[in-house]
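Novice:
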Amino acid sequence: MLAGVCLTFCGLALAQDQSAVPEDFFADRPAFSPPEQAARVPATCETVRTQLPSTVPADARVDMAIKGPVSLIQTDGTLWYVAVCSDPGVRILCVTYSGNELKLGDQVILRGGYNRQDDRHVLLDPCLASPDRGEASGED
45 MLAGVCLTFC GLALAQDQSA VPEDFFADRP AFSPPEQAAR VPATCETVRT
95 QLPSTVPADA RVDMAIKGPV SLIQTDGTLW YVAVCSDPGV RILCVTYSGN
145 ELKLGDQVIL RGGYNRQDDR HVLLDPCLAS PDRGEASGED
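So the sequence shown is numbered by the numbering used here: it starts at 45 and just counts up by one.
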């Protein structure tokens with residue numbers, strides 16, 4: 045019981061310390077959403093570049109969803125690293141706790157906290173990697 049109370053209040057305090065991202069930030073970015081909320085439509089390797097913001101407040105969390113074929117999957121025994129998209133485009137790397145039995149080439153949806161590393165690399169952490177069973181089309 046006490047742990048649940050702490051999680052509730054600690055989570056509230058953490059959320060209050062984050063900068064709010066204006067709603068218009070999401071207007072032309074259907075693959076992006078506020079933390080822990082579903083994106084309107086996941087990006088694809090072909091559409092992701094046009095949606096990437098140049099900046100996000102350093103203390104704000106914005107989530108992103110993308111679907112595509114797995115181009116890399118590795119584990120260090122604790123974490124799994126799942127990537128989609130590859131050269132010459134933007135590469136997206138998801139850091140997660142489960143590989144969900146994914147293999148190279150499998151269609152996957154990655155959803156997680158957006159962090160732009162550089163012009164061609166995005167890190168999603170925390171992130172969930174799920175097989176794409178066709179529930180999201182990736183089209184507007």
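Idealized CB from N, CA, C, for every residue including glycine.
Here's a check: name, in chain order, each residue in its chain whose Cβ is nearer than 6 Å to the Cβ of Arg155, leaving out the five neighbours to either side.
Specialist: If we look at Arg155 and ignore the five residues flanking it on each side, its Cβ neighbours are Ala109 and Leu172.
Novice: List the DSSP bridge partners of Gln118.
Specialist: Paired residue(s): Tyr125.
Novice: If we count Cβ pairs, one from each stretch, closer than 8 Å, do we get three or more for the segment 73-80 versus the segment 114-129?
Specialist: No contact exists between the segment 73-80 and the segment 114-129.
Novice: From Lys111 to Gln161, what does the alpha carbon distance come to, in whole angstroms?
Specialist: Going from the Cα of Lys111 to the Cα of Gln161 covers about 19 Å.
Novice: Are there 16 or more other CB atoms within 10 angstroms of the CB of Asp131, so buried, or fewer, so exposed?
Specialist: Result: exposed.
Novice: Return helix, strand or coil for Arg93, following the three-state DSSP convention.
Specialist: Helix, per DSSP.
Novice: On the DSSP letters alone, give me the boundaries of the beta strand (DSSP E) that Gln81 sits inside.
Specialist: Unbroken run through Gln81: none, as it is neither H nor E.
Novice: Taking the alpha-carbon positions, what's the Val128 to Leu137 distance?
Specialist: Going by the C-alpha atoms only, they are around 7 Å apart.
Novice: Can you tell me whether Pro66 is buried or exposed? The criterion is at least 16 other CB atoms within 10 Å of its CB, across all chains shown.
Specialist: Pro66 should be labelled exposed.
Novice: Along the chain, where does the beta strand (DSSP E) containing Ser174 start, and where does it finish?
Specialist: Start and end: His165 to Pro175.
Novice: The beta strand (DSSP E) that contains Arg155, what's its start and end?
Specialist: That run of the beta strand (DSSP E) goes Gln151 to Asp162.
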